[in-house]
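Taken in order, the sequence shown gives residues 23 to 160; the numbers are from my numbering. Okay, structure first, notes after.
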Amino acid sequence: MTIERTLGLIKPDGLERGKQGLIIDRILQNGFKILAMKQIRLTKAQAEGFYAEHAARPFFGSLCSYMTSGQIIAMTLEKENAIADWRKLMGATNPEKADAGTIRKDFAVDMEKNSVHGSDSPASAGREVPHFFSNLEF
Ligand code: UDP
Ligand code: MG
């Protein structure tokens, strides 16, 4: 397996309820290195650009207003097989369907306010990491 980098976000519901420490601890305990991390509030344009692949979906407007409703934490995560392993640690999009022990199962509020984001493929990670971090930050 190769060392990969992926984008992790802790979404506004995670910070609002003070879960960011517990989520970051799980990331570290599962062998990820946090290469870069910042707490920011997205503008509407940034949220719409980040989720452009979902622009035609019925949940797009609500998702973008939720993602700009408070601060988020953005992280570049690195380990072997980081992209798939971070998705596995996050759990399914719908927390009701997420496996036991996953972050979404344990922390998410609902299908939208599901606490974390992770790139879903090498192509997505290649696009999403630079959305938040320039190479100068590594
Ligand atoms: N989402 C939603 N309703 C849906 C599907 C998705 O509110 O029916 C939100 C949810 O916050 C999700 C994000 O849109 O995490 C992106 O959707 P995607 O299908 O890419 O899920 P993910 O990759 O985050 O598991
Ligand atoms: Mg996705």
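Yeah, the Cβ is synthetic: ideal placement off N, Cα and C, and Gly gets one too. Predicted model only: the values in this text are computed from it and were never measured.
Item to complete: Find the nearest neighbour of residue 71 within the set 34, 129, 59, 152, judged by alpha-carbon distance.
Response: To locate residue 71, count along the sequence shown from 1; it is residue 49. The candidate whose alpha carbon is nearest that of residue 71 is 152.
Item to complete: Kindly indicate which three-state DSSP category residue 126 falls into: helix, strand or coil?
Response: Locating residue 126 in the sequence shown gives position 104, counting from the first residue. Taken through DSSP and simplified to helix, strand or coil, residue 126 comes out as helix.
Worksheet item: What residue range is occupied by the uninterrupted alpha helix (DSSP H) comprising residue 71?
Response: Within the sequence shown, numbered from 1, the residue matching residue 71 stands at position 49. It spans 66–72 - the alpha helix (DSSP H) in which residue 71 sits, taken as one unbroken run.
Practice prompt. Report buried or exposed for residue 40, applying the criterion of at least 16 other Cβ atoms within 10 angstroms of its Cβ.
Written response: In the sequence shown, the residue the question calls residue 40 occupies position 18. Classification of residue 40: exposed, given that the 10 Å Cβ count is below 16.
Worksheet item: Would you call residue 120 buried or exposed, if buried means 16 or more other Cβ atoms sit within 10 Å of its Cβ?
Response: The count along the sequence shown starts at 1 and reaches residue 120 at position 98. When all chains shown are included, residue 120 counts as buried.
Practice prompt. Quickly, what does DSSP pair residue 100 with across the bridge? List them, please.
Written response: As a working note, residue 100 is residue 78 in the sequence shown. Answer is 27, 55, bridged to residue 100.
Worksheet item: If you measure from the CB of residue 26, is any heavy atom of the ligand UDP nearer than 6 Å?
Response: Residue mapping note: residue 26 aligns to position 4 of the sequence shown, counting from 1. False, no ligand heavy atom lies under 6 Å from that Cβ.
Discussion item. Please determine whether the Cβ atom of residue 132 lies at a distance below 6 Å from any heavy atom of the ligand MG.
Written reply: Here the question's residue 132 lines up with position 110 in the sequence shown. At a threshold of 6 Å, residue 132 does not count as near the ligand MG, since its beta carbon sits no closer than that to any of the ligand's heavy atoms.
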